[in-house]
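J.: Residue numbers (my numbering): 40 to 366.
Ideal Cβ placement from N, Cα and C applies to all residues, glycine included.
Since we're looking at a predicted model, the values are computed, not measured.
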Ligand SMILES: NC(=O)c1ccc[n+]([C@@H]2O[C@H](COP(=O)([O-])OP(=O)(O)OC[C@H]3O[C@@H](n4cnc5c(N)ncnc54)[C@H](O)[C@@H]3O)[C@@H](O)[C@H]2O)c1
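1. Could you give the distance in angstroms between the alpha-carbon of residue 351 and the alpha-carbon of residue 42?
2. Can you tell which of 205, 219, 228 and 168 has its C-alpha closest to the C-alpha of residue 120?
3. Is the distance from the Cβ of residue 72 to the Cβ of residue 48 below 7 Å?
4. Is the shortest distance between the beta-carbon of residue 113 and the beta-carbons of chain B less than 7 Å?
5. May I ask which residues mark the beginning and end of the alpha helix (DSSP H) holding residue 104?
6. Quick one: Cα of residue 143 to Cα of residue 201, how far?
7. What do you get for residue 95, buried or exposed, if any count of 16 or more other CB atoms within 10 angstroms of its CB means buried?
8. Across the region 140-157 and the region 167-176, are there enough close Cβ pairs to call them in contact, namely three or more that are closer than 8 Å?
9. Smallest Cα separation from residue 67: which of 344, 281, 321 and 308?
10. Count the other CB atoms within 10 Å of the CB of residue 190; is the residue buried (16 or more) or exposed (fewer)?
11. Can at least three beta-carbon pairs, one atom from the region 110-126 and one from the region 320-332, be found at a separation below 8 Å?
12. Assuming residue 210 and residue 155 make a contact with CB atoms under 8 Å, what is their CB distance in whole Å?
13. Grab me the residues of residue 79's own chain with a C-beta within less than 6 Å of its C-beta, minus the 5 sequence neighbours each way, in chain order.
14. Check whether the Cβ of residue 212 lies closer than 6 Å to any heavy atom of ligand 1, and answer yes or no.
15. Please report the Cβ distance between residue 162 and residue 179, rounded to the nearest whole angstrom; I am assuming they are in contact, meaning their Cβ atoms lie under 8 Å.
Here it is, written out as C-alpha cells:
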C-alpha cells in the first residue's frame, strides 16, 4: 500500500511511539491513541492525529474509524509491568483483554481491517534455565496475569479469524530495549522506569547502587537471561507485518527477538563499556514473575515477513544511553 492511514494504540508508549515513527518514515499516516495511563503526551504527539482515550471505549474508537480511513491497526496499548500484574491481576486482565476485544470488535465492524497485536514471549511461562531458543509451537503456559492477558488476546484473534475471516499478525516480542537511532523516542513513562536497561543507565550515570534481582537462577552466571531486541527492529516488524497483511497474507503468530540470550551481568558489562562508568552492584531477591531464561527462535518471522534483527546489543545500549542522557 503506497500511503495508508494506520491506527496505533498505545502510541504514547515506548514501542507504540517507535512504531509510529517507522510507519511515518515509510510514508504512512498515523492516528495515535493512548489513555496516557503510562505513556507520555510528548511521545503521543509524534502521531499525525491523536486521540487521548481508553481503547476499551467503544464510542470513541468507533468515532475514530468513522472519521479516518483506517487501513490497518497496530494494537500496542496495554498495562505492561509484569511484577505489577502479579499484585493486580484483575486490573491487568480487564485492561488488556478489554482493550483488545474493543479494538478487534471495531476492526471487524469496519470491514475486517487487518490487526497487528503486541503479544509477549512471557506467554511461554517458565521454560526453565536449560531451554534453548523457543519456537512459536513451544507450549504456552503463562505464569502471571500479564502473560495470561496476552494469551487470551491471541486466542480472541484466532477465534474471530475462524468465525469471520478477520486477519491478524500476532507478534510475541521478547525484551524490547534501546531508543530511536535519531533520538526522537525512547523509554519514558509516568513515574519511575521499571525495566532493567533504563534503571542500569540511571545507576551508572548517577553512581547509584543497582540491585540484581537474584543470582541463583541456574543460568551460566546465575542471573536471568533475556533476549534484548532493539526497539527500532521491533517497530520495523510491525511495518513488515502490515505490508504482509495488505498483500493478502493469512493470519500468523511470530516471535520477535534477537535470537540470542544476554544475562543481567552481561548487560551490566555492556552498560559499563558504553558509559565508561562502573555500576555498583548488590545482589537482591528475585522479583515476582521472573523466570530464568527467555530467548526467541526468530526463524518464522524471517520466513514469513523477511524480518530479522539488525541492531546489536551495543547499538541497544548506546542508543538508550544517548536518549537517557538527553532527558
Ligand atoms: N517492552 C517490551 O519489552 C515488551 C515485550 C513484550 C510485549 N510488549 C507489549 O508491547 C506493548 C507496548 O509495550 P511498551 O513497552 O511500549 O509499554 P508502554 O507502557 O510504554 O506502552 C503502553 C501504552 O499503552 C497505554 N495504555 C495502557 N492501557 C491503555 C488503554 N486501556 N487505553 C489506551 N491506552 C492504554 C499506556 O498509557 C502506554 O502509553 C504492550 O502491549 C506490551 O504488553 C512489550
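T.: Considering the structure as presented:
1. Sequence index remark: in the chain shown, residue 351 carries index 312 (1-based). Sequence index remark: in the chain shown, residue 42 carries index 3 (1-based). Cα to Cα, the separation comes out at about 30 Å.
2. Residue numbering aside, residue 120 sits at position 81 when the chain shown is read from its first letter. Closest by alpha carbon: 228.
3. In the chain shown, counting from the first residue as 1, residue 72 sits at position 33. In the chain shown, counting from the first residue as 1, residue 48 sits at position 9. Result yes, Cβ atoms of residue 72 and residue 48 sit closer than 7 Å.
4. This model lacks chain B altogether, as it is built from one protein chain only.
5. Indexing the chain shown from 1 puts residue 104 at position 65. Element bounds for residue 104: 97-106.
6. The sequence position of residue 143 within the chain shown is 104, counting from 1. The sequence position of residue 201 within the chain shown is 162, counting from 1. In a straight line, the C-alpha of residue 143 is about 13 Å away from that of residue 201.
7. Position 56 of the chain shown, counted from the start, is the residue given in the question as residue 95. It counts as buried.
8. no
9. One-based indexing of the chain shown puts residue 67 at position 28. Checking every option, the nearest Cα to that of residue 67 belongs to 281.
10. Locating residue 190 in the chain shown gives position 151, counting from the first residue. Counting Cβ neighbours within 10 Å, residue 190 comes out buried, since at least 16 surround it.
11. yes
12. Working through the chain shown from its first residue, we reach residue 210 at position 171. Working through the chain shown from its first residue, we reach residue 155 at position 116. Right, the Cβ-Cβ distance comes to about 6 Å (below 8 Å), so this counts as a contact.
13. Sequence index remark: in the chain shown, residue 79 carries index 40 (1-based). Within the same chain, residue 79 has close Cβ partners 51 and 227.
14. Here residue 212 is taken as the residue at index 173 of the chain shown, counted from 1. Result yes, Cβ under 6 Å from ligand 1.
15. In the chain shown, the residue the question calls residue 162 occupies position 123. In the chain shown, the residue the question calls residue 179 occupies position 140. The pair is a contact, with the Cβ atoms about 5 Å apart (cut-off 8 Å).
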